[in-house]
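Okay, so here's the structure we're looking at.
Numbering (full-length UniProt numbering), first residue to last: 1 to 84.
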């Protein structure tokens, strides 16, 4: 059984989502929608990076945990390194 530090993952996701938080449950109609370009990519990269840290860089093991193949894990990892 694999355990990922949920607190650390939640903290990473919160930091990524913070710029998009309006600070209110309800957004006024006149307020423009936030620019979410790249949000999904950032979330995916953060999750893959967290799992890779857990597996000590073992891409095949990370792929098994995430339900994707090693090549896909490597693609996300390269993308995360490119933008960091």
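Ideal Cβ positions, reconstructed from N, Cα and C, are used throughout, including at glycine.
C-beta atoms of residue i and residue j nearer than 7 angstroms
i	j	result
residue 52	residue 62	yes
Residue i burial status per 10 Å Cβ neighbour count (16 or more: buried)
i	result
residue 41	exposed
residue 37	exposed
residue 59	buried
Residue nearest to residue i in terms of C-alpha spacing, selected from the options
i	options	result
residue 76	57, 44, 55	44
Next item on the list: Check whether the segment 6 to 14 touches the segment 40 to 49, taking contact to mean three or more Cβ pairs, one atom from each stretch, closer than 8 angstroms.
Entry: yes
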